[in-house]
Every structure is written in structure tokens, then in C-alpha cells.
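Numbering (the numbering used here), first residue to last: 11 to 220. Ideal Cβ placement from N, Cα and C applies to all residues, glycine included. Owing to the predicted nature of the structure, the values given are computational and were not obtained by experimental measurement.
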């Protein structure tokens, strides 16, 4: 009795593709990132804001640091330092901030204090302070478009999105890239501009390192 034919081969398991964003002609050499789990969140953001031809631009990729206590600003600065030759730890920044009288437990509410710490630990990359974002909101996107990382203070809502709580939910964010689109719905554009104006009124300055 002949042997039965071999079973059909199984289809190949699908593989997860990773999308790399890298344009050496227009972006700095370190402008490269692999989109993995963050890709779904970015797609949700694009859909929610009805950005029809959205372009996702990343200028740098930093490893997240777990915050321990009210140290969000110091954590954000430590994350930013990863892109430079001498990264600094949160504990180093905390010790320096205490010596200078900037903080007791890690909270830093002053843009000037944060700029001082950035200048101390990133001496080869002088931090600038963006002022008057209300009348010049494009200065923020201009900084990002030219390879800067931006440390920005804002009020953090329950889902970490920006809100207006008069500083009672103060938080620091590290901006590393931007999403741009030529087409934005009228309602979405109006909401976006209102949010920018509110944030600019509430936090008129933000330091950024280049």
C-alpha cells in the first residue's frame, strides 16, 4: 500500500514590517527612527485630526526614562541628553538643581532654571529660550524642523494631553518631531490654532536644545 501524500505546506507566518523614516538630504544624520508600537498611536492621532496627507517626521529617538516622583522636567532633560556625547542622569540633574536652590524634591517650575541646567550639562549645545509663542507660534515648529528638541511646560490632562488648569497640573514634555499636513479640516485647524494660542498664553516661554 503506497504511503499517503505529504500534507500541504503551511503558509508562511506574516512578519511585522518596520517602517524607517530617513531622509539624508533634508534631515540631520541622526534623523532615523523605527516605527513599531508607536505607529498605531500616530495613526490614531492623524485620523482624529483629519490630516489627509500627514507627514510624520522624526528627528531623534530617545529611550524613555521612568519618572520617580515629581521630576518630569529633569527626566525630560535627561532623555534629551541621550542625543549628545555626554548624556546625564536624572540623579545628577537632581543633585545640581538642589545645590543651586532650584528644587527640593525634583520639581522645576522655572524655564530659566531648566535652561541653566541644560547649559551646564550640554555645554557644546547652547540652549535657547523661545519667547512670545503667542505672537510667533511658528517658532516652535521652526525649531523642530531644524533638528532641535524642545522642552516645553504645559498642563497635563488625565490622558497626558495638553489642557488649561492654571498650572495646577504642570508637567514637562520633550518634543522630538512633528506631524505636518497641507490639508486640515476647518474645524480641526480652528481647534489646533486655539490650543496653540491657549498654550502660548499659559506658557509664553520654553527652552530648547540644538
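Who does residue 119 pair with in a DSSP beta bridge? Per DSSP, residue 119 has no beta bridge partner at all.
Exposure of residue 99, with buried meaning 16 or more beta-carbon neighbours within 10 Å: Exposed, since its Cβ has fewer than 16 Cβ neighbours within 10 Å.
Simplified DSSP assignment, three categories, for residue 131: Helix.
Other residues of its chain near residue 81: CB distance less than 7 Å, five sequence neighbours each side excluded: Take residue 81, set aside five residues on each side of it, and the residues of its chain with a beta-carbon closer than 7 Å to its own are 100, 104, 116, in chain order.
Near residue 166, which residues of its chain fall below 6 Å by C-beta distance, leaving aside the five closest residues on each side in sequence? Sequence-distant partners of residue 166 (beyond 5 residues in either direction) whose C-beta falls short of 6 Å from its own C-beta, in its chain, are 179, 181.
Please tell me whether residue 124 and residue 157 are closer than 8 Å, where the distance is taken between their beta carbons. In this structure, residue 157 does not lie closer than 8 Å to residue 124 by Cβ.
Using only CA atoms, which one of 177, 129, 140, 175 lies nearest to residue 90? When only C-alpha atoms are compared, the closest one is 129.
Could you spell out the range, first to last residue, of the alpha helix (DSSP H) harbouring residue 100? Start and end: 100 to 109.
Residues in the same chain with beta-carbon distance under 6 Å from residue 173, minus the five sequence neighbours each way, listed in chain order, please. Cβ neighbours of residue 173 beyond the five flanking positions: 165, 167.
If I measure Cβ to Cβ from residue 169 and keep anything under 7 Å in the same chain, skipping five residues before and after, which residues do I get? Listed in chain order, the non-local C-beta contacts of residue 169 below 7 Å within the same chain number zero, local neighbours out to five positions each way being set aside.
Between which two residues does the beta strand (DSSP E) containing residue 141 stretch? Run containing residue 141: 138 to 141, per the beta strand (DSSP E) assignment.
Residue 161 versus residue 185 - alpha carbon distance: Linking residue 161 to residue 185 through their CA atoms gives a straight-line distance of about 6 Å.
Under a Cβ-count criterion, where at least 16 other Cβ atoms within 10 Å of its own Cβ denotes burial, should residue 119 be classed as buried or exposed? Residue burial annotation: residue 119 is exposed, with fewer than 16 other C-beta atoms found within 10 angstroms of its C-beta.
Which residue marks the beginning of the alpha helix (DSSP H) containing residue 150, and which one marks its end? Counting along the chain, residue 150 sits inside the alpha helix (DSSP H) bounded by residues 148 to 155.
Taking only the alpha-carbon atoms, compute the straight-line gap between residue 176 and residue 145 and give it to the nearest angstrom. Residue 176 and residue 145: Cα-Cα distance of roughly 20 Å.
If I measure Cβ to Cβ from residue 85 and keep anything under 7 Å in the same chain, skipping five residues before and after, which residues do I get? For residue 85, where only same-chain residues beyond five positions count, the Cβ hits under 7 Å are 75, 77, 100.
Alpha carbon to alpha carbon, how far is residue 113 from residue 139? Give it in angstroms, no decimals. A direct Cα-to-Cα measurement between residue 139 and residue 113 gives close to 20 Å.
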